[in-house]
Amino acid sequence: MMVSSPFELHLVHLDLKGAPPRVSYLAEIFPLLHVLGANGILLEYEDMYPYDGELKPLRANDAYRYVSQPVILDDIVSGSLVSLKSQVL
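Remember, my numbering sits 1 above the position in the sequence shown when you count from 1.
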């Protein structure tokens, strides 16, 4: 279902702040997004990123856990998508 386009990347932007989806849900939608023509994901974590050390105060109480990050990235790759992470402060 890919439409002709002069652009190399067809990204889907996911803002994970507010009502962040579960990791299991992300694993379900990444292949669907690929079928619909996406070849990349822009993840905007903001305070949902599992910051540690000096940045830990920036982390939300319900932030994703460190162990979730490899799972999310593996799911993106297995869905044939490119990952672009955004950690806006």
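For every residue, glycine included, the Cβ atom is placed at its ideal position computed from N, Cα and C. Bear in mind that the values here come from a model prediction, so they are computed numbers and not experimental data.
Classification of V89 by the beta-carbon crowding that lies within 10 angstroms, buried from 16 upward: Low local confidence applies: a pLDDT of 46 at V89 is under 50, so the model's placement there is unreliable, with the coordinate-based value given in what follows. V89 comes out exposed.
Three-state secondary structure assigned by DSSP to H35: helix
For I73 and L33, believed in contact at Cβ under 8 Å, the rounded distance: Going by Cβ atoms, the distance from L33 to I73 rounds to 16 Å, so no, they are not a contact pair.
L17 beta carbon less than 8 Å from that of I42: no
For Q70 and L44, the rounded distance between their alpha carbons: 11 Å
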